[in-house]
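Notes follow once the structure below has been shown.
There are 2 protein chains.
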Amino acid sequence: MTAAATIEASPSQAHYLGTVMRLKPGAEVALFNGRDGEWLAHIERIGRGKASLAIRSQLRPQSASPDLWLLFAPIKRGPIDFLAQKATELGVSALRPVITRNTAVERVNVERLRANAVEAAEQCGRLDVPEVAEPQPLDAVLAGWSPGRRIMLCDETGTAPPVADGLPREPGPWAVLVGPEGGFAPAELDALAKTPFVTRVGLGPRILRADTAALAALSCWQALIGDWRQAKR
Amino acid sequence: MTAAATIEASPSQAHYLGTVMRLKPGAEVALFNGRDGEWLAHIERIGRGKASLAIRSQLRPQSASPDLWLLFAPIKRGPIDFLAQKATELGVSALRPVITRNTAVERVNVERLRANAVEAAEQCGRLDVPEVAEPQPLDAVLAGWSPGRRIMLCDETGTAPPVADGLPREPGPWAVLVGPEGGFAPAELDALAKTPFVTRVGLGPRILRADTAALAALSCWQALIGDWRQAKR
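Read top to bottom, the protein sequences are chains W and H.
In terms of our numbering, the first sequence has 96 at position 96, counting the first letter as 1, and numbering is strictly consecutive.
The number in our numbering is simply the position in the second sequence, starting from 1, with 233 added.
Shown next as structure tokens:
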């Protein structure tokens, strides 16, 4: 993006600006594309499914979210949409659905998750949108894993150290891994526990739903080693 | 509760057991009343809106949740139900809606919140249900505050210390206070910041929705000074 350029909104963006927000020509909007920071623009023309925006000036430079993936077993429609929104607010860089042995829901509408992530990024002031991957079997994901990325495994068996004690204060790429409703299979958990880049942590004495566990784990990670340790941008 | 006693289910409990869960006489269920621990029982008789349960033996002694209140500005229907469920899973002892200056939603269906809290307590293995208070103006709540209970104030202005640094590691009664969508009014925040039992903490650089902020704050509190520091029950 550069000042004085004009860009065309996509049909869904134009619908949002014109029909949902009821903006007219001249209205100001803030734009981001995940690379060039945030820009002030105004609406030049707007009509059914079309809008053109004149870029004025940069509001903020680009800022990166921490390199934190969320690996999660897919859950049903309402909770998974909610999870995509909240995980975006909590600053994940990628949402990766993984199929585990006890995963009941295997079909994932990746496009809908992406739409949820885009909307949440717009709402929370992020200048990037987390990548949303196609679902993959957990075994396959781990077989292709780059060992430089550590995994915080949410272990609900009660045998893992509490998260505040167990999470190594090591920066660098991480992933939070949360199992399905019903938990990981014992053999799956054994194999994960023996994997060198995996750290098991516990999230307390109560049984958390899969989406709650994911949000709690992301919050703890951000508070302990993520960008919540810094002041606000 | 005592072994060999028989108790009658409420109509809604009977509906849940018979119509939702489709249980028949002889089926085993676990019971709790918030005082006597968890008990194994079996269904003696079940019919339309009625069920009697014969208590067999205690499964677990009573366990207490931490003395942690959630004070939150009411939000609209979907998110507030969700918040009551998730906060229950995260172990709050009371849900207290507070009306702040920028609170847009002032009517709260307390009975519906209670039903959400009961269902979440059943699902997550808690043996108690958080109290759900009637909404009150924040000023009135603070005027009657017992100073022995500390408040963790989620401050989104970017000037508060990060939660992992700012939260005193002091046990004892606490409350997490989360403002409305749109935040606290500056005068409100000034007054809160000067209150001796209030600790301001920040939850990172992104703008969190009110429900996300509440769940993130409760997770951090539990991880840093709550019962997530202990092994699973």
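Note that CB positions come from ideal geometry on N, CA and C, so glycine has one too.
All values reported here derive from a predicted model rather than from experimental measurement.
For residue i, which three-state DSSP category applies?
i, result
"residue 358(H)", "coil"
"residue 214(W)", "helix"
"residue 368(H)", "coil"
"residue 378(H)", "coil"
"residue 151(W)", "strand"
"residue 279(H)", "strand"
"residue 244(H)", "helix"
"residue 233(W)", "Only weak support is given to the placement of residue 233(W): the predicted model assigns it a pLDDT of 45, under 50, and the value that follows is read from those uncertain coordinates. Residue 233(W): coil per DSSP, three-state reduction."
"residue 389(H)", "coil"
"residue 181(W)", "coil"
"residue 22(W)", "coil"
Applying the 10 Å Cβ sphere with the 16-neighbour rule, what's the burial state of residue i?
i, result
"residue 433(H)", "buried"
"residue 146(W)", "exposed"
"residue 318(H)", "buried"
"residue 344(H)", "exposed"
"residue 306(H)", "buried"
"residue 253(H)", "exposed"
"residue 96(W)", "buried"
"residue 194(H)", "Outside the shown range of chain H, which is 234 to 466, sits residue 194(H), and nothing can be said about it."
"residue 405(H)", "exposed"
"residue 445(H)", "buried"
"residue 120(W)", "buried"
"residue 11(W)", "exposed"
"residue 419(H)", "exposed"
"residue 100(W)", "buried"
"residue 349(H)", "buried"
"residue 130(W)", "buried"
"residue 290(H)", "exposed"
"residue 61(W)", "exposed"
"residue 320(H)", "buried"
"residue 196(W)", "exposed"
"residue 251(H)", "buried"
"residue 247(H)", "buried"
"residue 408(H)", "buried"
Return the first residue and the last residue of the alpha helix (DSSP H) that residue i is part of.
i, result
"residue 341(H)", "No alpha helix (DSSP H) holds residue 341(H); DSSP gives it neither H nor E."
"residue 319(H)", "310-322"
"residue 290(H)", "That residue, residue 290(H), is in no alpha helix (DSSP H); its beta strand (DSSP E) goes 283-293."
"residue 198(W)", "Not the alpha helix (DSSP H): residue 198(W) falls in the beta strand (DSSP E), residues 198-201."
"residue 189(W)", "186-193"
Span of the beta strand (DSSP E) holding residue i?
i, result
"residue 268(H)", "That residue, residue 268(H), is in no beta strand (DSSP E); it is neither H nor E in DSSP."
"residue 330(H)", "327-332"
"residue 400(H)", "Unbroken run through residue 400(H): none, as it is neither H nor E."
"residue 241(H)", "239-241"
"residue 178(W)", "174-178"
"residue 304(H)", "301-305"
Cβ of residue i within 7 Å of any heavy atom in the ligand COA?
i, result
"residue 219(W)", "This structure simply doesn't include the ligand COA, nor any ligand for that matter."
Show which residues of chain C have a CB atom less than 8 Å away from the CB atom of residue i.
i, result
"residue 229(W)", "Protein chains in the displayed structure are W and H, and chain C is not among them."
Interfacial residues, the segment 422-454 of chain H to chain W, with Cβ spacing under 7 Å: Along the segment 422-454 of chain H, going in chain order, the ones with a CB nearer than 7 Å to a CB of chain W are 435, 436, 437, 438, 439, 440, 441, 442, 445, 448, 449, 452 and 453.
Against chain H: residues of the segment 154-169 of chain W by CB proximity under 7 Å: 158, 162, 163 and 164
Chain H contacts made by the segment 40-71 of chain W, where a contact means CB separation under 9 Å: 63 and 65
Positions along the segment 86-99 of chain W whose CB lies within less than 8 Å of some CB in chain H: Only 86, 89, 90 and 91 from the segment 86-99 of chain W bring a Cβ to less than 8 Å from some Cβ of chain H.
The segment 88-101 of chain W contacting the segment 124-137 of chain W, beta-carbon criterion three pairs below 8 Å: yes
Cβ contact check for the segment 39-49 of chain W and the segment 23-31 of chain W: 3 or more pairs under 8 Å: Counting Cβ pairs under 8 Å, three or more are found: they touch.
Given 8 Å, three or more beta-carbon pairs between the segment 157-167 of chain W and the segment 446-462 of chain H: Segment contact: the segment 157-167 of chain W against the segment 446-462 of chain H, three or more CB-CB distances shorter than 8 Å; contact assigned.
Touch test, the segment 329-340 of chain H against the segment 408-421 of chain H, Cβ-Cβ under 8 Å, three pairs minimum: yes
The segment 203-222 of chain W touching the segment 144-158 of chain W, judged by at least three CB pairs closer than 8 Å: yes
Contact set between the segment 107-137 of chain W and chain H, restricted to residues whose Cβ is under 8 Å from the partner: 123, 124, 125 and 126
Members of the segment 236-247 of chain H that neighbour chain W once the beta carbon cut-off is set at 7 Å: none
Residues of the segment 137-149 of chain W with Cβ closer than 7 Å to any Cβ of chain H, in chain order: none
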